[in-house]
Amino acid sequence: MKKPIYKKWWLWAIIVIIGIVALSTNGGKKDEKDLAANSTKKESTKKEEKKEDTKITYENFLNIKMGDSLENVNKLLGEGKEETSSEIGGTKTAMYAWKGKGLSTMNVTIQNKVVTNKTQLGLKEGNADVNMDKYNQVKEGMSYDQVKAILGEGELISHSKIGKIESIMYSWTNKGGSNMNATFTGGKLSLKSQFNLK
Numbered sequence: 001m002k003k004p005i006y007k008k009w010w011l012w013a014i015i016v017i018i019g020i021v022a023l024s025t026n027g028g029k030k031d032e033k034d035l036a037a038n039s040t041k042k043e044s045t046k047k048e049e050k051k052e053d054t055k056i057t058y059e060n061f062l063n064i065k066m067g068d069s070l071e072n073v074n075k076l077l078g079e080g081k082e083e084t085s086s087e088i089g090g091t092k093t094a095m096y097a098w099k100g101k102g103l104s105t106m107n108v109t110i111q112n113k114v115v116t117n118k119t120q121l122g123l124k125e126g127n128a129d130v131n132m133d134k135y136n137q138v139k140e141g142m143s144y145d146q147v148k149a150i151l152g153e154g155e156l157i158s159h160s161k162i163g164k165i166e167s168i169m170y171s172w173t174n175k176g177g178s179n180m181n182a183t184f185t186g187g188k189l190s191l192k193s194q195f196n197l198k
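Per UniProt numbering, the sequence shown runs over residues 1 to 198.
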């Protein structure tokens, strides 16, 4: 079963980059009064962002549990921005986003008033030590603990649970950016992928 496009981590990375580029371009000349007012506004916005950013952490991402209410998530992170919303056959689904420091983001999907999916990008710095040899030792059907014995602790990238189907994706990212991802469905490795490992 393919993931909907809005649940792909790379899509959110592209959206964040486009947003930053759009915000950083200045669309016209402003007089000194406008510039001074804008500068003051930016400074106060930066202070507010710093306060908000402290809540958007990897630790808080881990603290969000499947089945939590949006109210509990908002208490933990502050209010998120609704990105998408739909209702099909009486099932209401909405995805909320939180921006952290730099390009880091966190998304939470609420279905019928409870958390059914969470994803994050950039909340933890990569410091893994993975290579093609270790990648090849990881086999389909292994448990997370078996994979962890080979690769070390993984970074939780996404977790979803709809009904009885639970899927968890971990990433191991080296300092240079090369990485491997492993998806566990029902507690067993169902998919692995790698980028630029040697």
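Ideal placement from N, C-alpha and C gives every residue a C-beta, glycine not left out.
All values reported here derive from a predicted model rather than from experimental measurement.
Distance between beta carbons of residue 192 and residue 138, contact taken as under 8 Å:
Along the sequence shown, read from residue 1 onward, the residue named residue 138 stands at position 138. Along the sequence shown, read from residue 1 onward, the residue named residue 192 stands at position 192. That belief holds up - the Cβ atoms of residue 138 and residue 192 are roughly 6 Å apart, short of 8 Å.
Any contact between the region 107 to 116 and the region 68 to 88? By contact I mean 3 or more CB pairs, one from each, below 8 Å.
yes
Span separating the alpha-carbon of residue 57 from that of residue 120:
Numbered from its first residue, the sequence shown carries residue 57 at position 57. Numbered from its first residue, the sequence shown carries residue 120 at position 120. Each residue's Cα considered, the two are about 10 Å apart.
Tell me the DSSP secondary structure of residue 156 in three-state form.
Here residue 156 refers to the residue found at position 156 of the sequence shown. Reduced to three states, the DSSP call for residue 156 is strand.
6 Å CB neighbourhood of residue 99 in its chain, flanking five on each side removed:
Translated into the one-based positions of the sequence shown, residue 99 becomes position 99. Around residue 99: 105.
Sorted by chain position, which residues of the same chain lie with C-beta nearer than 6 Å to residue 25's C-beta, five sequence neighbours on each side aside?
Here residue 25 corresponds to residue number 25 of the sequence shown, with the count starting at 1. Unreliable placement is indicated for residue 25, whose pLDDT of 47 sits below 50; no coordinate value is reported for it.
Where residue 81 falls: helix, strand or coil (DSSP):
What you label residue 81 is simply residue 81 of the sequence shown in a count that begins at 1. Strand at residue 81.
How big is the Cα-Cα spacing for residue 154 and residue 125?
In the sequence shown, the residue the question calls residue 154 occupies position 154. In the sequence shown, the residue the question calls residue 125 occupies position 125. Cα to Cα, the separation comes out at about 12 Å.
For residue 123, three-class secondary structure by DSSP
For the purposes of this step, residue 123 is taken as residue 123 along the sequence shown, with counting starting at 1. Looking at residue 123 - three-state DSSP - the assignment turns out to be coil, as it is neither helix nor strand.
Among 165, 86, 195, 159, which residue has its Cα nearest to the Cα of residue 63?
Within the sequence shown, numbered from 1, the residue matching residue 63 stands at position 63. When each option's Cα is compared against that of residue 63, the closest is 159.
Output needed for residue 76: all residues of its chain with C-beta closer than 8 Å, excluding positions within five of it in sequence on either side, in chain order.
Position 76 of the sequence shown, counted from the first residue, corresponds to residue 76. 55, 60, 63, 64.
How would you call residue 118, buried or exposed, if buried means at least 16 neighbouring beta carbons within 10 angstroms?
Stepping through the sequence shown from its first residue, residue 118 is reached at position 118. Buried is the call here.
Using CA coordinates, which residue listed in 129, 190, 130 is at the minimum distance from residue 167?
Here residue 167 is taken as the residue at index 167 of the sequence shown, counted from 1. Per the Cα distances, 190.
Where residue 157 falls, given that 16 or more other Cβ within 10 Å makes a residue buried:
Sequence index remark: in the sequence shown, residue 157 carries index 157 (1-based). Result: buried.
Would you call residue 199 buried or exposed, if buried means 16 or more other Cβ atoms sit within 10 Å of its Cβ?
Look at the range of the chain in this structure, 1 to 198, and you will see that residue 199 is not part of it.
State the start and end residues of the unbroken beta strand (DSSP E) segment that holds residue 182.
Numbered from 1 along the sequence shown, position 182 holds the residue referred to as residue 182. Its beta strand (DSSP E) spans residues 179 to 185.
Anticipated Cβ contact below 8 Å, residue 102 with residue 122, distance rounded
If you number the sequence shown from 1, residue 102 lands on position 102. If you number the sequence shown from 1, residue 122 lands on position 122. About 6 Å; that satisfies the 8 Å criterion.
Which partner residues of residue 110 appear in the DSSP bridge assignment?
The residue labelled residue 110 in the question sits at position 110 within the sequence shown. For residue 110, which the question treats as bridged, DSSP gives the partners 94, 115.
Own chain partners of residue 209 with C-beta closer than 6 Å, once the 5 adjacent residues on each side are dropped:
No answer is possible for residue 209: it lies beyond the span of the chain, which begins at 1 and ends at 198.
Spatial neighbours of residue 173 in its chain, beta-carbon cut-off 6 Å, leaving aside the 5 residues before and after
Numbered from its first residue, the sequence shown carries residue 173 at position 173. The residues are 126, 128, 179.
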